[in-house]
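Top line first, the protein sequences correspond to chains A and B.
When we follow this note's numbering, the leftmost residue of the first sequence carries the number 1, and every step to the right adds one.
When we follow this note's numbering, the leftmost residue of the second sequence carries the number 1, and every step to the right adds one.
The beta carbon of each residue, even a glycine, is placed where N, CA and C say it ideally should be.
There are 2 protein chains.
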Amino acid sequence: MRFLRNRFSTLKPYHSDYLTEGTILNSNESPYEVPQALKDYMKENIDKLLVNRYPDTDSSKLIAAISKAYDVEAEQVTCGVGSDELIDCILASCLDEDDQVLIPYPSFSMYSEFTLLNNGMGIKVPLKSDFTYDIEAMKKVIEEKQPKVIFICNPNNPTGCIMPKEEIEAILKLSKGLVIVDEAYEDFASQPISVIPLINQYDNLIVLRTFSKAYALAGARVGYAIACKELIDLINTVKPPYNLNMFTQLAATWAIEHREIFKANAKKIISQRAYVEEGLKTLGFKTYPSESNFIWLEMEDDYFDALRERKIYIRKMAVENKNYYRITIGTPEENEILLTALKELKK
Amino acid sequence: MRFLRNRFSTLKPYHSDYLTEGTILNSNESPYEVPQALKDYMKENIDKLLVNRYPDTDSSKLIAAISKAYDVEAEQVTCGVGSDELIDCILASCLDEDDQVLIPYPSFSMYSEFTLLNNGMGIKVPLKSDFTYDIEAMKKVIEEKQPKVIFICNPNNPTGCIMPKEEIEAILKLSKGLVIVDEAYEDFASQPISVIPLINQYDNLIVLRTFSKAYALAGARVGYAIACKELIDLINTVKPPYNLNMFTQLAATWAIEHREIFKANAKKIISQRAYVEEGLKTLGFKTYPSESNFIWLEMEDDYFDALRERKIYIRKMAVENKNYYRITIGTPEENEILLTALKELKK
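Encoded structure:
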């Protein structure tokens, strides 16, 4: 493409079908709509909102609410257009050309994308054959190469495995670079596994969280980073001004202030996850243990299209030329639709 | 700062006070609130919005409305979080380290910021002493250096000058690089000066527009680019997925579909601009002709603080160590408050 940097020649414009009907189990969204109280709050505020003015560039009210929820200082929090924007900012702030970035594989695709876009070199460290973290391999790479940035998605998207806190601490101690622990799915872990309590102890730790999963606000596009003040300043140094619009700031502030509602929904998902896993196993599919709101599994390729024909949407992902599937846990009704369809297709 | 790239050592986290009261004439926003009909539309839709789902990553409805409004193809439009995000994407897509970018000076500060963030080298071409474009100097730089990207803010922020269409065409013909014509303030020009009709003729032209000025949606954060399909693909190749949240897509779609309302407000601003300019001149201030929703002027430094004490906010900007001021045109009432205050301060 004319004008495009040679370095980006493998990139293509991102596209994803915008699905509005059917059984949507392909994007790890919350299957539960936000409460009517949040909608009412938005509606009341829209009348008062001076949307002709720029939003608060510091997202102060939202950050105050987040810092209260996690018992951290406001200066230890910053917000972005999804955690995507924060991943981009972190890499932009510190990567010189060809600096190395440790990326487990498979994991969230944006780690590699933004590493490429920010002129870094991704070092992919494969998960083990059971799709859990290969911690020894990661440590070896860290000792030998000291990457500028290390990504740990915990629980990991798309495989659902987790890394224990002690191992994250071992990596934090071993690494001279930034360690990014992406906790987008932490609300779905059976036990709390967040390393937010460690931010005052490790000055190379950044924790990422999002409103797109348990908080049911994927449509609002907002994520946040929690870290020591110096690392938040680092992100803010390259973060674009006025990144979060007023509507999103409002919705997310309400959500974090009413987090018990969303936590209750996460509990329902956890319990449904066990049910869906059991159902998939009973049908003979190989599933992998998940601490998240999705299940990673193996199935014959025909099922994907057959489900799609029935307007049941799941995600197909190739790992080393073999296809795997990721199914988001839906409402009990949606999970039933999925399992029933698979049962029929099995016949 | 630890971890920060040396290249960025001059950068500081952006901060701007979030003003919610007083006479706010410092950010070139529309002084007119959006119509109640837009708020009602938002409120109706919020009940239906599945905000637990990701937004349409392609902003299809919004892009369809924009393409209809300007009589271009949908594939000739893309949207960003303000035109800021599009400036960033354009530079990211094409700049290799130390590639040159022509930036008139003074102009919109984000051209330089994003050039630095994307490893480019800005070549500042000063405006003439009357704060109009130095077109000959720009042409000379283009002929000699062929910058990868050339910015033309038309009308120019903060000085209000314009570049005639013929001169833009001359630059388009002369340049092998991308020519970005930022028309954020085009709605306030006395005569239409948009070069959107030229996009099918020049395959190195990108026009940027925004909803933050005439369209009174600064709080929603949305801008768009119009260009030939190949250049839109170029931007989309590096544009982050799901960049525009659902609320913003809704609000902007309504606004462009009802653009006559906003155009009528722009006309009021144009007429008030003449009134404010006359008032400032009468008070003895040196003003520069403006085709935008602000006036660039010289005044003694004391006025800025004295106005601020009266909660009248204008923008101070240093050019070559001398302070100049930019005053946004407000409602007739706000303009009266400004002129009355200055009259009293003159005594």
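TODO: Just the chain B side, please: which residues come within less than 7 Å of K43/A by C-beta, in chain order?
DONE: On the first sequence, residue 43/A is found 43 positions in, with the first residue counted as 1. The contacting residues are K43, I46.
Open item on the list: Distance check for F131/B and P289/B, CA to CA, integer angstroms please.
Closed with: Residue mapping note: residue 289/B aligns to position 289 of the second sequence, counting from 1. Residue mapping note: residue 131/B aligns to position 131 of the second sequence, counting from 1. Those two C-alpha atoms are separated by around 9 Å.
- [ ] May I ask you to list the residues that DSSP assigns as paired with F151/B?
- [x] Within the second sequence, the letter at position 151 stands for residue 151/B. Paired residues: I180/B.
Task: Counterpart residues of A294/B in DSSP-defined beta bridges - done: Residue 294/B sits at position 294 when you count from the first residue of the second sequence. Rather than Ala, the amino acid found at residue 294/B in this sequence is Phe. According to DSSP, F294/B bridges with T328/B.
TODO: Starting from the C-beta of S107/A, find all residues in its chain whose C-beta is less than 7 Å away, skip the five residues before and the five after it, and write them out in chain order.
DONE: Sequence index remark: in the first sequence, residue 107/A carries index 107 (1-based). Answer for S107/A: F151, C153, N156, N157, listed in chain order.
Open item on the list: When you compare the CB positions of G330/A and R221/A, do they come within less than 8 Å of one another, or not?
Closed with: For the purposes of this step, residue 330/A is taken as the residue at position 330 of the first sequence. For the purposes of this step, residue 221/A is taken as the residue at position 221 of the first sequence. Judged by beta-carbon spacing, R221/A lies beyond the 8 Å limit of G330/A, meaning their Cβ atoms are not closer than that value.
Task: Every unbroken alpha helix (DSSP H) within the region 248-273 of chain B, with a cutoff of 4 residues, ordered by chain - done: Correct list: empty.
- [ ] Let me know if N182/B comes out buried or exposed under the rule of 16 or more other beta-carbons within 10 Å of its beta-carbon.
- [x] As a position in the second sequence, residue 182/B is number 182, starting the count at 1. The question names Asn, but residue 182/B in the sequence shown is Asp. Flag for D182/B reads buried.
- [ ] Mind checking which residues open and close the alpha helix (DSSP H) that includes I90/A?
- [x] Start at 1 with the first residue of the first sequence, and residue 90/A comes out as number 90. Element bounds for I90/A: 82-94.
Open item on the list: Within 10 Å of its beta-carbon, does Q249/A have 16 or more other beta-carbons around it, so buried, or fewer, so exposed?
Closed with: By 1-based counting over the first sequence, the position of residue 249/A is 249. Label assigned to Q249/A: buried.
TODO: Reducing DSSP to helix, strand and coil, say where Y313/B ends up.
DONE: As a working mapping, residue 313/B is identified with position 313 in the second sequence. Strand, per DSSP.
Task: Cβ of D182/A within 8 Å of any chain B Cβ - done: Within the first sequence, residue 182/A is the residue found at index 182, counting from 1. Not closer than 8 Å to any Cβ of chain B, the Cβ of D182/A fails to qualify, so no.
Task: Where D187/B falls, given that 16 or more other Cβ within 10 Å makes a residue buried - done: Taking the first residue of the second sequence as 1, we reach residue 187/B at position 187. So D187/B ends up on the buried side.
- [ ] Figure out for me which residue from S9/B, T57/B, L208/B, N26/B has the closest Cα to the Cα of D17/B.
- [x] Translated into positions along the second sequence, residue 17/B becomes position 17. Measuring from the Cα of D17/B, the nearest candidate turns out to be N26/B.
- [ ] Would you mind stating whether L297/B and Y275/B have Cβ atoms separated by less than 8 Å?
- [x] As a working mapping, residue 297/B is identified with position 297 in the second sequence. As a working mapping, residue 275/B is identified with position 275 in the second sequence. In this structure, Y275/B does not lie closer than 8 Å to L297/B by Cβ.
TODO: Just confirm the distance between the C-beta atoms of I162/B and V195/B, as a whole number of angstroms; I'd bet it's less than 8 Å.
DONE: On the second sequence, residue 162/B is found 162 positions in, with the first residue counted as 1. On the second sequence, residue 195/B is found 195 positions in, with the first residue counted as 1. In fact, because the Cβ distance is near 11 Å, the residues do not count as touching under 8 Å.
TODO: Check each residue of the region 210-233 of chain A: if its Cβ is closer than 7 Å to any Cβ of chain B, include it; give the result in chain order.
DONE: A216, L217, A218, G219, A220, R221, E230, D233
TODO: Can you give me, in chain order, the residues of the region 2-15 of chain B that have a beta carbon less than 9 Å from any beta carbon in chain A?
DONE: R2, F3, L4, R5, N6, R7, F8, L11, K12, P13, Y14, H15
TODO: Could you check the C-alpha separation between S271/A and A251/B for me, to the nearest Å?
DONE: On the first sequence, position 271 is the one that residue 271/A refers to. On the second sequence, position 251 is the one that residue 251/B refers to. Roughly 38 Å between the two C-alpha positions.
Task: Given D301/B as reference, the closest of K346/B, A64/B, T340/B, E257/B once Cα atoms are compared - done: Taking the second sequence and counting its residues from 1, one reaches residue 301/B at position 301. Comparing Cα-Cα distances from D301/B to each of K346/B, A64/B, T340/B, E257/B, the minimum goes to K346/B.
Task: DSSP-derived helix/strand/coil call for I199/B - done: Counted from its first residue, the second sequence places residue 199/B at position 199. In the structure shown, I199/B sits in coil (DSSP, three-state: anything other than H, G, I, E or B).
Open item on the list: According to DSSP, simplified to helix, strand and coil, what is N323/A?
Closed with: In the first sequence, residue 323/A corresponds to position 323, counting from 1. Here N323/A sits in strand by DSSP.
Open item on the list: Do I314/A and I337/A count as a contact pair if the criterion is CB distance below 8 Å?
Closed with: As a first step, residue 337/A must be located in the first sequence, where it is residue number 337. As a first step, residue 314/A must be located in the first sequence, where it is residue number 314. No. Outside cutoff.
Open item on the list: Would you say V77/A lies against chain B (beta-carbon separation less than 8 Å)?
Closed with: Sequence index remark: in the first sequence, residue 77/A carries index 77 (1-based). So, not an interface residue.
Open item on the list: Threshold first: 4 residues or longer. Then list the alpha helix (DSSP H) segments lying entirely within the region 102-175 of chain B, N to C.
Closed with: 110-117, 135-145, 165-174
- [ ] Taking C-beta pairs closer than 8 Å, name the residues in chain B that V34/A reaches, listed in chain order.
- [x] For the purposes of this step, residue 34/A is identified with residue 34 of the first sequence, where counting begins at 1. The answer, in chain order, is V51, N52.
Open item on the list: Quick check on Q36/B: does DSSP put it in helix, strand or coil?
Closed with: Working through the second sequence from its first residue, we reach residue 36/B at position 36. Reduced to three states, the DSSP call for Q36/B is helix.
Task: Inter-residue spacing [alpha-carbon to alpha-carbon] between N178/A and I261/A - done: By one-based count along the first sequence, residue 178/A stands at place 178. By one-based count along the first sequence, residue 261/A stands at place 261. What sits at residue 178/A in the sequence shown is Leu, not Asn. Rounded to the nearest angstrom, the two C-alpha atoms are 33 Å apart.
TODO: Please name the residue in F304/B, K286/B, K68/B, A189/B whose C-alpha comes closest to that of K267/B.
DONE: Locating residue 267/B in the second sequence gives position 267, counting from the first residue. Out of F304/B, K286/B, K68/B, A189/B, A189/B has the C-alpha closest to the C-alpha of K267/B.
Open item on the list: Just to confirm, is the Cβ distance from T23/A to E334/A under 8 Å?
Closed with: Taking the first sequence and counting its residues from 1, the one referred to as residue 23/A is at position 23. Taking the first sequence and counting its residues from 1, the one referred to as residue 334/A is at position 334. Contact flag set, yes.
Open item on the list: Using a 10 Å radius around the Cβ and a threshold of 16 neighbouring Cβ atoms, would you call D56/A buried or exposed?
Closed with: In the first sequence, the residue the question calls residue 56/A occupies position 56. By the neighbour-count rule (16 or more Cβ atoms within 10 Å), D56/A is buried.
- [ ] Assuming N236/A contacts P240/B (C-beta within less than 8 Å), just tell me the rounded distance between them.
- [x] Within the first sequence, numbered from 1, the residue matching residue 236/A stands at position 236. Within the second sequence, numbered from 1, the residue matching residue 240/B stands at position 240. The pair is not a contact, with the Cβ atoms about 18 Å apart (cut-off 8 Å).
TODO: Kindly indicate the opening and closing residues of the beta strand (DSSP E) around V51/B.
DONE: Looking up residue 51/B in the second sequence gives position 51. Where V51/B is concerned, there is no enclosing beta strand (DSSP E), given that its DSSP letter is neither H nor E.
- [ ] Report yes if the C-beta distance between M110/A and I87/A is below 8 Å; otherwise report no.
- [x] Within the first sequence, the letter at position 110 stands for residue 110/A. Within the first sequence, the letter at position 87 stands for residue 87/A. Cβ distance < 8 Å, so M110/A and I87/A count as in contact.
Open item on the list: Quick check on the DSSP output: the alpha helix (DSSP H) that includes L283/A runs from which residue to which?
Closed with: Working through the first sequence from its first residue, we reach residue 283/A at position 283. It is not in any alpha helix (DSSP H) - L283/A carries neither H nor E in the DSSP assignment.
Task: Neighbour-count burial assignment, D47/A, 16 or more Cβ in a 10 Å radius - done: Residue 47/A sits at position 47 when you count from the first residue of the first sequence. By the Cβ neighbour-count rule, D47/A is exposed, with fewer than 16 other Cβ atoms within 10 Å of its own.
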